[in-house]
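**Q** Got a structure for you, written out below as structure tokens; questions coming shortly.
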Amino acid sequence: MIRYPVLLRTLMSALTLAFAGHAIAADELVIGASLPLSGPLAGFGAYQKWGYETAANDINKAGGLSVGDKKYTIKVVIRDDKTDPNVTASNTETLISRDGAVAMLGSCTPALVNAGALVAERRKVPLVSGCDPLGAFKSVRKWNYAWVLFFDEGDLGTAPFRMLADLKLETNKKVAILADNGPDGRVVGGQIWPAAAKQGGYTVVQSQDFPVDSQQFTSMIGQAKAADADIALVDAIPPQAISIRKQMVAADYHPKLLDMEKGAEPEQFATALGPLAEGVLVGGYWDPSFPYPGAADLGKRFEAETKQTQSQHIADSFTAAQVLFDAIAKAGSLDREKINEAIAKTDKTYVVGPVKFDHDHTSRIPIAMMQWQNGKAVTVWPKDRANGKLIFPLPAAH
47 MIRYPVLLRT
57 LMSALTLAFA
67 GHAIAADELV
77 IGASLPLSGP
87 LAGFGAYQKW
97 GYETAANDIN
107 KAGGLSVGDK
117 KYTIKVVIRD
127 DKTDPNVTAS
137 NTETLISRDG
147 AVAMLGSCTP
157 ALVNAGALVA
167 ERRKVPLVSG
177 CDPLGAFKSV
187 RKWNYAWVLF
197 FDEGDLGTAP
207 FRMLADLKLE
217 TNKKVAILAD
227 NGPDGRVVGG
237 QIWPAAAKQG
247 GYTVVQSQDF
257 PVDSQQFTSM
267 IGQAKAADAD
277 IALVDAIPPQ
287 AISIRKQMVA
297 ADYHPKLLDM
307 EKGAEPEQFA
317 TALGPLAEGV
327 LVGGYWDPSF
337 PYPGAADLGK
347 RFEAETKQTQ
357 SQHIADSFTA
367 AQVLFDAIAK
377 AGSLDREKIN
387 EAIAKTDKTY
397 VVGPVKFDHD
407 HTSRIPIAMM
417 QWQNGKAVTV
427 WPKDRANGKL
437 IFPLPAAH
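Residue numbers (the working numbering): 47 to 444.
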């Protein structure tokens with residue numbers, strides 16, 4: 047009579063461990079990540095997945111992560127958020143409560159990163175991320191457990207005008223701004239670009255926003271053409287950026303300078319557009335040619351393993367993971383509070399550059415301007431980081 051309850055408890059314990067999934071192995075350290083592996087931002091998610099997993103694999107191949115007097119194999123558990131902030135939040139909760147994640151790595155863009163960070167904040171679980179412009183991150187709340195290393199929107203928004211002045215590029219100084227109504231679109235397109243244009247002596251002849259799921263831009267492009275804007279500034283996710291570029295050509299609108307933020311960064315933009323991507327600018331923050339430890343090697347590794355062109359998003363994701371793993375090792379414990387305290391003390395140069403968090407839990411990466419040339423993103427400004435020459439004016443594609 048006594049054996050059956052004992053047997054039942056033993057069976058239930060075994061089932062509990064089985065359903066705990068990834069967290070059951072005593073020598074396994076689970077790190078969670080919710081990424082856009084499908085949906086409009088899937089191109090970004092693929093780079094992040096590679097960066098996170100590569101950073102973990104490097105440590106595992108070297109024998110694991112030393113935490114106190116024990117070695118752990120790092121297991122990065124990734125769930126697809128489908129480019130939906132609600133799914134990001136749900137995934138984050140699941141990764142923490144069911145998958146047993148000790149800490150989290152972030153998604154991409156303010157809508158997704160911040161959605162996951164809010165859940166991690168509530169659960170008091172450390173989260174480290176790139177791919178979230180600092181202003182949009184800081185505007186949400188005073189963070190305690192979330193940390194972001196990325197560029198600042200102010201640097202990004204003023205970069206085209208600083209480049210124009212530095213390279214002494216001649217235009218009619220008329221600017222057309224087309225930006226989505228997402229968090230960074232509202233900040234960059236609605237605030238920073240108009241202010242930077244005015245300060246630089248430029249005239250904004252058009253400033254228009256649109257929903258993030260828009261596909262028809264013919265009317266607003268026609269207005270930019272009619273206003274004879276030599277400079278076109280666009281902030282949109284990849285599908286919209288691709289559509290806008292095609293519709294510009296169809297409308298026979300050929301500005302001298304075209305800067306397409308956010309949507310023109312991943313390789314999918316250039317692949318989808320082919321020759322129409324030639325000469326399109328996008329703000330950037332990393333290239334394998336930059337003088338940081340392991341930068342050149344990281345780019346080569348990605349291209350050798352994936353047979354794809356490298357992206358800057360492999361660098362901030364790889365670094366975010368390294369920052370987290372270093373903090374866990376320094377904490378000497380899997381205690382989340384101790385890990386969080388160790389993240390705060392980060393002060394080291396990684397593959398993406400120096401990382402040191404301020405009181406807002408952010409670490410700033412300087413901006414460069416990149417341009418699509420022959421299917422590759424070439425750094426064309428500032429001069430001390432350029433590995434190619436700016437194509438100007440924008441080729442009149444047909």
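We put the CB at the ideal spot given by N, CA and C, even for glycine.
1. Less than 8 Å separating the beta-carbons of residue 408 and residue 180?
2. Confirm, please, whether the CB-CB distance from residue 86 to residue 153 is below 8 Å.
3. If you pair each beta-carbon of the segment 230–244 with each one of the segment 255–275, do three or more pairs fall below 8 Å?
4. Compare the C-alpha of residue 402 against each of 416, 373, 297 and name the closest.
5. Taking 8 Å as the cut-off, decide whether the C-beta atoms of residue 201 and residue 412 are in contact.
6. Residue range of the alpha helix (DSSP H) that residue 362 falls in?
7. Can you find the residues in the same chain that come closer than 7 Å, C-beta to C-beta, to residue 209, ignoring five residues on each side of it along the sequence?
8. Pick out whichever of 91, 135, 182, 198 has its Cα sitting closest to the Cα of residue 167.
9. If you draw a straight line from the C-alpha of residue 396 to the C-alpha of residue 340, how long is it?
10. Taking the alpha carbon of residue 323 as the point to measure from, which residue in 350, 295, 144 has its own alpha carbon closest?
11. Which of the three DSSP states is assigned to residue 63 in this structure?
12. Return the residue from the list 104, 195, 162, 250 that minimises the CA-CA distance to residue 129.
13. Can you tell me which residues form a DSSP beta bridge with residue 409?
14. In whole angstroms, what is the alpha-carbon distance linking residue 117 and residue 182?
15. Look up residue 42 in the DSSP assignment and say whether it is helix, strand or coil.
16. If you drop the 5 nearest sequence neighbours on each side, which residues of the same chain put their C-beta closer than 8 Å to that of residue 287?
17. So, is residue 115 buried or exposed, given that buried needs 16 or more other C-beta atoms within 10 angstroms?
18. Whose C-alpha, out of 193, 299, 330, is nearest the C-alpha of residue 385?
19. Can you tell me where the beta strand (DSSP E) with residue 330 in it begins and where it stops?
20. To the nearest whole angstrom, what separates the beta carbons of residue 438 and residue 302, a pair I think is in contact under 8 Å?
21. Give me the Cβ distance between residue 326 and residue 261, rounded to the nearest whole Å; I'm assuming they're in contact under 8 Å.
22. Reducing DSSP to helix, strand and coil, say where residue 446 ends up.
23. Is it true that the CB of residue 120 sits closer than 8 Å to the CB of residue 137?
24. What does the Cβ neighbour count give for residue 441, buried or exposed, with the cut at 16 atoms within 10 Å?
25. Cβ of residue 238 within 8 Å of Cβ of residue 268?
26. Note down the Cα distance separating residue 293 from residue 217, rounded to an integer number of angstroms.
27. So is residue 359 buried or exposed if we call it buried at 16+ other beta carbons inside 10 Å?
28. How long is the line joining the alpha carbons of residue 304 and residue 196, rounded to whole angstroms?
29. I need the DSSP call for residue 125, collapsed to helix, strand or coil.
30. Find the nearest neighbour of residue 91 within the set 158, 228, 421, judged by alpha-carbon distance.
31. Could you tell me if residue 108 is buried or exposed, where buried requires 16 or more neighbouring beta carbons within 10 angstroms of its beta carbon?
32. If you count every other CB in all the chains shown that lies within 10 Å of the CB of residue 337, and 16 or more means buried, which is it?
33. Taking buried to mean at least 16 other C-beta atoms within 10 Å of its own C-beta, is residue 410 buried or exposed?
34. Check whether chain D comes within 8 Å of residue 79, counting only Cβ atoms and requiring the distance to be less than that.
35. Tell me, to the nearest whole angstrom, how far the beta carbon of residue 363 is from that of residue 97; I am working on the premise that it is less than 8 Å.
36. According to DSSP, simplified to helix, strand and coil, what is residue 400?
**A** According to the structure data:
1. On the sequence shown, position 362 is the one that residue 408 refers to. On the sequence shown, position 134 is the one that residue 180 refers to. Going by C-beta atoms, residue 408 is nearer than 8 Å to residue 180.
2. Along the sequence shown, one-based indexing puts residue 153 at 107. Along the sequence shown, one-based indexing puts residue 86 at 40. Not closer than 8 Å, so no.
3. yes
4. For the purposes of this step, residue 402 is identified with residue 356 of the sequence shown, where counting begins at 1. Closest by alpha carbon: 373.
5. Locating residue 201 in the sequence shown gives position 155, counting from the first residue. Locating residue 412 in the sequence shown gives position 366, counting from the first residue. In contact: residue 201 and residue 412 (Cβ atoms closer than 8 Å).
6. Locating residue 362 in the sequence shown gives position 316, where the first residue counts as 1. Note, residue 362: alpha helix (DSSP H), 359–377.
7. Here the question's residue 209 lines up with position 163 in the sequence shown. So the list reads 415, 427, once near-sequence residues are dropped.
8. As a working note, residue 167 is residue 121 in the sequence shown. Closest option to residue 167, Cα to Cα, is 135.
9. Here residue 396 refers to the residue found at position 350 when the sequence shown is read from its first residue. Here residue 340 refers to the residue found at position 294 when the sequence shown is read from its first residue. Going from the Cα of residue 396 to the Cα of residue 340 covers about 8 Å.
10. In the sequence shown, residue 323 corresponds to position 277, counting from 1. Minimum Cα distance to residue 323 is reached at 295.
11. Stepping through the sequence shown from its first residue, residue 63 is reached at position 17. Note that residue 63 scores a pLDDT of 41, beneath 50, so its modelled location is shaky; the value from the coordinates is reported in the next line. Helix, per DSSP.
12. Translated into the one-based positions of the sequence shown, residue 129 becomes position 83. Minimum Cα distance to residue 129 is reached at 162.
13. Start at 1 with the first residue of the sequence shown, and residue 409 comes out as number 363. 195.
14. The residue you call residue 117 lines up with position 71 of the sequence shown. The residue you call residue 182 lines up with position 136 of the sequence shown. Going by the C-alpha atoms only, they are around 37 Å apart.
15. Because the chain here runs from 47 to 444, residue 42 falls outside it and cannot be looked at.
16. Position 241 of the sequence shown, counting from 1, holds the residue named residue 287. Excluding positions up to five away in sequence, the list reads 280, 306, 308, 309, 310, 315.
17. In the sequence shown, residue 115 corresponds to position 69, counting from 1. Exposed: under 16 other Cβ atoms inside 10 Å.
18. Counting from 1 along the sequence shown, the entry for residue 385 is found at position 339. Of the candidates 193, 299, 330, the one whose C-alpha sits nearest the C-alpha of residue 385 is 193.
19. Walking along the sequence shown from the start, residue 330 turns up at place 284. Per DSSP, residue 330 belongs to the beta strand (DSSP E) from 327–330.
20. Position 392 of the sequence shown holds residue 438. Position 256 of the sequence shown holds residue 302. Right, the Cβ-Cβ distance comes to about 7 Å (below 8 Å), so this counts as a contact.
21. Here residue 326 refers to the residue found at position 280 of the sequence shown. Here residue 261 refers to the residue found at position 215 of the sequence shown. That belief does not hold up - the Cβ atoms of residue 326 and residue 261 are roughly 19 Å apart, past 8 Å.
22. No information on residue 446 is available, as it lies outside the stretch 47 to 444 that the chain covers here.
23. What you label residue 137 is simply residue 91 of the sequence shown in a count that begins at 1. What you label residue 120 is simply residue 74 of the sequence shown in a count that begins at 1. No. Outside cutoff.
24. As a first step, residue 441 must be located in the sequence shown, where it is residue number 395. Counting Cβ neighbours within 10 Å, residue 441 comes out exposed, since fewer than 16 surround it.
25. Numbered from 1 along the sequence shown, position 192 holds the residue referred to as residue 238. Numbered from 1 along the sequence shown, position 222 holds the residue referred to as residue 268. No. Outside cutoff.
26. Along the sequence shown, read from residue 1 onward, the residue named residue 293 stands at position 247. Along the sequence shown, read from residue 1 onward, the residue named residue 217 stands at position 171. So the two alpha carbons sit approximately 22 Å from each other.
27. The count along the sequence shown starts at 1 and reaches residue 359 at position 313. Buried.
28. Here the question's residue 304 lines up with position 258 in the sequence shown. Here the question's residue 196 lines up with position 150 in the sequence shown. Their backbone Cα atoms lie some 23 Å apart in a straight line.
29. Locating residue 125 in the sequence shown gives position 79, counting from the first residue. If DSSP states are grouped into helix, strand and coil, residue 125 belongs with the strands.
30. By one-based count along the sequence shown, residue 91 stands at place 45. Cα-wise, what sits closest to residue 91 is 158.
31. Along the sequence shown, read from residue 1 onward, the residue named residue 108 stands at position 62. The residue in question, residue 108, is exposed, as its Cβ has fewer than 16 Cβ neighbours within 10 Å.
32. The residue you call residue 337 lines up with position 291 of the sequence shown. Exposed, because fewer than 16 other Cβ atoms sit within 10 Å of the Cβ of residue 337.
33. Along the sequence shown, one-based indexing puts residue 410 at 364. So residue 410 ends up on the buried side.
34. Included in the structure is just one protein chain, with no chain D present.
35. Locating residue 363 in the sequence shown gives position 317, counting from the first residue. Locating residue 97 in the sequence shown gives position 51, counting from the first residue. With a Cβ gap of about 3 Å, residue 363 and residue 97 count as contacting.
36. Position 354 of the sequence shown, counting from 1, holds the residue named residue 400. Three-state result, residue 400: strand.
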